[in-house]
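Worksheet: one structure, shown below.
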Amino acid sequence: MSLHNYLARRVGFMVVTLFLVSLITFAITNILPGDVALLILGPNAGEESLHQLQTQLGLNQPLYIQYLSWVQDVVVGNMGTSIRFGDPVAQLIAEKLPRSLMLAVAATFVAIMLAIPLGVIAAVKQNEGPDLAASSFSFIGVSIPIFLWGLVFILVFAVWLDWFPTGGYVPPSEDPVATLKHLVLPATSMGFALTAYVMRMTRSSMIEVLSEEYIRFAKAKGMTQRVIVLRHALRNAIIPVITVIAFQFSYAFGGVVVLEKVFVWPGIGNLTLTAIQSRDIPLLQGCIIVVALIFMLSNFTADLLYAYFDPRIRYGGDE
Numbered sequence: 003m004s005l006h007n008y009l010a011r012r013v014g015f016m017v018v019t020l021f022l023v024s025l026i027t028f029a030i031t032n033i034l035p036g037d038v039a040l041l042i043l044g045p046n047a048g049e050e051s052l053h054q055l056q057t058q059l060g061l062n063q064p065l066y067i068q069y070l071s072w073v074q075d076v077v078v079g080n081m082g083t084s085i086r087f088g089d090p091v092a093q094l095i096a097e098k099l100p101r102s103l104m105l106a107v108a109a110t111f112v113a114i115m116l117a118i119p120l121g122v123i124a125a126v127k128q129n130e131g132p133d134l135a136a137s138s139f140s141f142i143g144v145s146i147p148i149f150l151w152g153l154v155f156i157l158v159f160a161v162w163l164d165w166f167p168t169g170g171y172v173p174p175s176e177d178p179v180a181t182l183k184h185l186v187l188p189a190t191s192m193g194f195a196l197t198a199y200v201m202r203m204t205r206s207s208m209i210e211v212l213s214e215e216y217i218r219f220a221k222a223k224g225m226t227q228r229v230i231v232l233r234h235a236l237r238n239a240i241i242p243v244i245t246v247i248a249f250q251f252s253y254a255f256g257g258v259v260v261l262e263k264v265f266v267w268p269g270i271g272n273l274t275l276t277a278i279q280s281r282d283i284p285l286l287q288g289c290i291i292v293v294a295l296i297f298m299l300s301n302f303t304a305d306l307l308y309a310y311f312d313p314r315i316r317y318g319g320d321e
């Protein structure tokens, strides 16, 4: 299978998945109790005005007509109007999304900075003290939920040491230094959880590469261990690690929903929880679709990296 055919197939899967997500989202949000028209007008609304708004919103139409109309609007960028805020849903999401992406990118950066050096050291010192320490750290990182990391970091670095604020957000346009201070704790909390997975992959990939024939030949030629590890082994071992990092980014974006609540970070995760609490159906539908789309795009990027670096996959090796 050529790379173009592989990409076309992956895009097709993504479109089908997005269709299923939209179908499930619409079904779930329509199962929720409460009439959208009544939520907008309030409990004291008269029968006539209630019926008029239901007709205007198309709530009297069969569900499949409502679904098709909603999908048609979403495709052209119209996600409706938020009941809670009274603003267009697309506008609210456009305001919050960059903040969540900033948090996910920062967390992924923290994970890379920690995981790759730890994975390399663990592989070079296999079954020795540094390897056991790094593996223990990895096990702890996998076992502890992201929100618990957040609470521990708040307690230690915000409450006890008073180095960083406990939560909140300052736009970079107002004070870039304050933005960084507010970003450090949530990004590091999430980065710690992601580090474990990337570190494990780096370690196993490095161990495999270090056992290759050309590495033994380099040792026989008298090259220093530093040159062998950094110039020859890491360059080849890093390929599968890159794809894992792409997957971890999508995991990080999913994790912001919980972490934003812990750190009062006004991103799309907090917006989703607000939509649930206020039963704001249009806003909830828009948030779910956008989060799902970001998740799929991240996984799609990881698929592309896999196919690019390992041609066996695009030729059907992963089937």
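Start counting the sequence shown at 3; every next residue gets the next number (my numbering). For glycine and all other residues, C-beta sits at the position ideal for the given N, C-alpha and C.
With a threshold of 16 other CB atoms inside 10 Å of the CB of Tyr216, please say whether the residue is buried or exposed.
Here residue 216 refers to the residue found at position 214 of the sequence shown. Exposed.
Roughly how many whole angstroms lie between the Cα atoms of Leu275 and Gln227?
Start at 1 with the first residue of the sequence shown, and residue 275 comes out as number 273. Start at 1 with the first residue of the sequence shown, and residue 227 comes out as number 225. Roughly 51 Å separates the two Cα atoms.
Identify which residue in Gly60, Pro167, Met16 and Ser252 has its Cα closest to the Cα of Val107.
Taking the sequence shown and counting its residues from 1, the one referred to as residue 107 is at position 105. Selected option, being the one with the closest Cα: Ser252.
Starting from Thr204, trace the alpha helix (DSSP H) both ways and give me its first and last residue.
Within the sequence shown, the letter at position 202 stands for residue 204. Run containing Thr204: Pro178 to Leu212, per the alpha helix (DSSP H) assignment.
State the DSSP-derived secondary structure class of Thr276, mapped to helix, strand or coil.
One-based indexing of the sequence shown puts residue 276 at position 274. Thr276 falls in the helix class under three-state DSSP.
Would you mind working out which of Trp151, Arg11 and Ser213 sits nearest Ala125, comparing C-alpha positions?
Translated into the one-based positions of the sequence shown, residue 125 becomes position 123. Here the closest residue by C-alpha is Ser213.
Cβ contact check for the segment 114-134 and the segment 158-178: 3 or more pairs under 8 Å
no
Out of Leu187, Arg237, Met192 and Gly224, point me to the one whose CA is closest to Val2's CA.
In the structure as shown, the chain begins at 3 and stops at 321. Residue 2 is therefore absent and cannot be evaluated.
Taking the straight line between their C-alpha atoms, what separation do you get for Val73 and Val23?
Position 71 of the sequence shown, counting from 1, holds the residue named residue 73. Position 21 of the sequence shown, counting from 1, holds the residue named residue 23. One C-alpha to the other measures close to 11 Å.
Relative to the alpha-carbon of Gly323, which residue among Gln279, Leu70 and Gly269 has its alpha-carbon at the smallest distance?
For the chain, the structure presents residues 3 to 321; residue 323 sits outside this window and is missing.
Where Asp320 falls: helix, strand or coil (DSSP)
On the sequence shown, position 318 is the one that residue 320 refers to. For Asp320, the pLDDT reaches just 46, beneath the cut-off of 50, and the residue's location in the model is therefore unreliable, although a value from the coordinates is still provided. Coil, per DSSP.
Considering just the uninterrupted stretch of the alpha helix (DSSP H) at Arg171, what are its terminal residues?
If you number the sequence shown from 1, residue 171 lands on position 169. The sequence shown places Tyr at residue 171, rather than the Arg named in the question. Per DSSP, Tyr171 belongs to no alpha helix (DSSP H) and is neither H nor E.
Cβ pair Pro178, Phe265 closer than 8 Å:
Here residue 178 corresponds to residue number 176 of the sequence shown, with the count starting at 1. Here residue 265 corresponds to residue number 263 of the sequence shown, with the count starting at 1. Result no, Cβ atoms of Pro178 and Phe265 do not sit closer than 8 Å.
Can you tell me which of Ser145, Leu153, Gln93 and Met225 puts its alpha carbon nearest to the alpha carbon of Tyr199?
Reading the sequence shown from its first residue, position 197 is the one you call residue 199. Nearest of Ser145, Leu153, Gln93 and Met225 to Tyr199, Cα basis: Ser145.
What's the gap between the Cα of Phe302 and the Cα of Leu9?
As a first step, residue 302 must be located in the sequence shown, where it is residue number 300. As a first step, residue 9 must be located in the sequence shown, where it is residue number 7. Those two C-alpha atoms are separated by around 9 Å.
Between Gln287 and Phe28, is the Cβ-Cβ spacing less than 8 Å?
Within the sequence shown, numbered from 1, the residue matching residue 287 stands at position 285. Within the sequence shown, numbered from 1, the residue matching residue 28 stands at position 26. Their beta carbons are under 8 Å apart, which means Gln287 touches Phe28 by this criterion.
From what residue to what residue does the alpha helix (DSSP H) around Pro119 run?
What you label residue 119 is simply residue 117 of the sequence shown in a count that begins at 1. Note, Pro119: alpha helix (DSSP H), Val91 to Val126.
So for Thr303, helix, strand or coil by DSSP?
The count along the sequence shown starts at 1 and reaches residue 303 at position 301. Note: Thr303 maps to helix in three-state DSSP.
On the CB-based measure, 16 or more other CB atoms within 10 Å of its CB, does Asn272 come out buried or exposed?
Within the sequence shown, the letter at position 270 stands for residue 272. With 16 or more Cβ atoms within 10 Å of its Cβ, Asn272 is classed as buried.
Only counting the same chain, and skipping five residues up and downstream in sequence, which positions put a Cβ closer than 7 Å to that of Ser300?
Taking the first residue of the sequence shown as position 1, residue 300 is located at position 298. These residues qualify, in order along the chain: Ala248, Phe251, Ser252 and Phe255.
CA nearest to the CA of Pro284, picked from Thr19, Tyr69 and Val13:
Here residue 284 refers to the residue found at position 282 of the sequence shown. Cα-wise, what sits closest to Pro284 is Tyr69.
Here's a check: name, in chain order, each residue in its chain whose Cβ is nearer than 6 Å to the Cβ of Ile95, leaving out the five neighbours to either side.
Taking the first residue of the sequence shown as position 1, residue 95 is located at position 93. Contacts found: Gly288 and Val292.
CA-CA distance, Ser137 and Val17?
In the sequence shown, the residue the question calls residue 137 occupies position 135. In the sequence shown, the residue the question calls residue 17 occupies position 15. The straight-line gap from Cα to Cα measures roughly 39 Å.
Report the partner residues of Thr226 according to the DSSP bridge assignment.
Residue mapping note: residue 226 aligns to position 224 of the sequence shown, counting from 1. Answer is none; Thr226 lacks a bridge partner.
Counting along the chain, where does the alpha helix (DSSP H) carrying Ala135 start and finish?
On the sequence shown, residue 135 is found 133 positions in, with the first residue counted as 1. Element bounds for Ala135: Gly131 to Ser145.
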